[in-house]
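In this note's numbering, the protein residues as written are 7 to 405.
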Ligand SMILES: Cc1cc2nc3c(=O)[nH]c(=O)nc-3n(C[C@H](O)[C@H](O)[C@H](O)COP(=O)(O)OP(=O)(O)OC[C@H]3O[C@@H](n4cnc5c(N)ncnc54)[C@H](O)[C@@H]3O)c2cc1C
């Protein structure tokens with residue numbers, strides 16, 4: 007939609023083929039229905055938030071950055087606001103306004119929109135694109151074909167990986183894909199009883215079988231029936247290399263990130279001194295949210311009924327060590343049905359980063375999530391879609 011709206015209507019007749027019965031189904035659910043369409047971060051910061059192939063995005067982002075995105079939408083009448091972390095949303099908090107805006111622009115730009123029009127195959131002739139074959143068997147001639155079919159995440163929105171098949175059929179390489187910005191499945195004996203518990207300022211690190219640290223950050227997380235979710239976990243899923251076998255990894259939680267081990271030990275000494283005759287299990291209420299107390303007492307290895315004044319130094323320090331390092335074994339990534347994005351896609355080495363044109367097939371372009379580029383949450387993934395769309399539009403318009 008962005009690309010079709012930006013192509014110079016004097017230079018090309020644009021046909022937009024969408025297999026759904028309406029445009030922008032995924033846009034509708036972005037940002038929990040509020041549409042976090044970009045981020046005010048400068049390009050350098052934005053590149054740091056791109057997890058796969060940031061260098062490929064350099065030219066496209068500098069040519070059409072978040073300021074350009076905001077100008078574009080504002081010129082189309084969309085009022086915007088910026089929230090925590092530089093996230094930009096429609097002022098109305100309604101993602102559908104983004105789709106409405108883009109649809110209006112398609113009309114202005116005289117784009118011929120065909121809904122319920124899936125593409126089955128891309129046609130080529132002598133190393134150049136010649137058109138597409140539609141799902142109902144029509145051959146549509148074209149000098150240029152721009153593939154904007156998305157990835158595999160939330161397939162109910164229409165993103166079912168068709169662009170990957172098109173690329174493979176044409177002999178292009180598609181790198182391995184996996185769900186990303188996705189909850190992680192983990193040891194249910196710890197996670198399931200805590201399902202629904204949300205924790206802030208938690209240190210999270212992930213190590214492999216040899217103890218090598220693969221990820222470290224802190225933030226907010228949520229226990230689920232199958233494992234863990236929440237912002238810091240989604241970030242972890244994006245930062246872990248896609249070929250990593252998650253099921254061999256261990257996640258470590260530091261439940262008192264703000265305290266050093268010594269400070270935490272002091273706090274436990276104080277807590278136990280103030281309640282000498284209380285049973286251990288009744289003395290931890292100020293340390294954890296209620297739903298976690300029982301789990302932490304069990305993990306401590308200290309008898310729950312033991313009076314606080316009988317807890318030994320070793321037991322107390324062992325407990326402090328566990329609070330700062332709850333180990334949870336990971337079982338795998340969540341599925342595409344719950345993944346915000348797909349990691350992997352059309353290998354960017356085969357695509358010109360200035361134009362998004364396939365190097366070996368003239369007139370064929372790939373934009374958005376179908377490419378092997380993905381980023382953290384915060385409006386960066388849509389910015390990747392807008393910037394790559396703008397690059398292809400410029401190329402096709404000859405500007
Ligand atoms: C729940 C959720 C929330 C998100 N929130 C945000 C957010 O707030 N901010 C952000 O930056 N990113 C967010 N994202 C990611 C962002 O939505 C995607 O990265 C972005 O939409 C990718 O755009 P795209 O145009 O490449 O692909 P898509 O948006 O997936 O669009 C692809 C389109 O192509 C159509 N199509 C597919 N195959 C064919 C075919 N064969 N023929 C014809 N049409 C076809 C599909 O029906 C679809 O309409 C979110 C994603 C999800 C799932």
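Glycine included, every Cβ here is placed at the ideal spot set by N, Cα and C.
- Under the rule that a run must span 3 or more residues, the beta strand (DSSP E) segments found entirely inside the segment 87-141 read 93-96, 118-120, 125-131 and 134-140.
- Rounded to the nearest angstrom, the gap between the Cα atoms of residue 11 and residue 220 is 42 Å.
- Cα atoms of residue 331 and residue 386: separation of roughly 32 Å, rounded to the nearest angstrom.
- Taking 6 Å as the cut-off, the C-beta of residue 165 counts as close to a heavy atom of ligand 1.
- In chain order, 155 place their CB closer than 6 Å to the CB of residue 168, counting only its own chain and leaving out the 5 sequence neighbours on each side.
- Below 8 Å, too few C-beta pairs join the segment 198-214 and the segment 315-323 to call them touching: fewer than three.
- In its chain, beyond the 5 residues on either side, 85 have a beta carbon closer than 8 Å to the beta carbon of residue 98.
- The beta carbon of residue 283 is closer than 8 Å to those of 313, 314 and 315 in its chain, skipping five residues each way along the sequence.
- DSSP, read as helix, strand or coil, puts residue 282 in coil.
- DSSP, reduced to helix, strand and coil, places residue 361 outside both helices and strands of the structure shown, so it counts as coil.
- Collapsing the DSSP output to three states places residue 181 in coil.
- In this structure, residue 23 has its CB closer than 6 Å to one or more heavy atoms of ligand 1.
- Contact annotation: the segment 36-46 touches the segment 89-97, with at least three C-beta pairs closer than 8 Å.
- Bridge pairing for residue 147: 137 [DSSP].
- Taking a contact as a CB-CB distance under 8 Å, the pair residue 345 and residue 185 counts as one, their CB atoms being some 3 Å apart.
- Residues of the same chain with a CB within less than 6 Å of the CB of residue 370, apart from the 5 flanking positions on each side, are 135, 151 and 364 in chain order.
- Between the alpha carbons of residue 120 and residue 395 lies a gap of roughly 19 Å.
- Measuring C-alpha to C-alpha distances from residue 173 to each of 138, 148 and 149 identifies 138 as the nearest.
- For a cut-off of 8 Å, the C-beta gap from residue 101 to residue 33 is around 6 Å, short enough to register as a contact.
- Considered as a whole, the segment 25-66 harbours 31-35 and 49-54 as its complete alpha helix (DSSP H) runs of no fewer than 4 residues, in chain order.
- Nearest to residue 181 by C-alpha distance, out of 302, 193, 190 and 157, is 157.
- Closest option to residue 361, judged by alpha-carbon separation, among 194, 68 and 251: 68.
- Around the beta carbon of residue 391, a 10 Å sphere encloses 16 or more other beta carbons of the protein chains shown; the residue is thus reported as buried.
- In this structure, the CA atom of residue 104 is about 21 Å from the CA atom of residue 380.
- Secondary-structure assignment with DSSP links residue 381 through a beta bridge to 56.
- Remark: the shortest separation between the CB of residue 198 and any heavy atom of ligand 1 does not fall under 6 Å.
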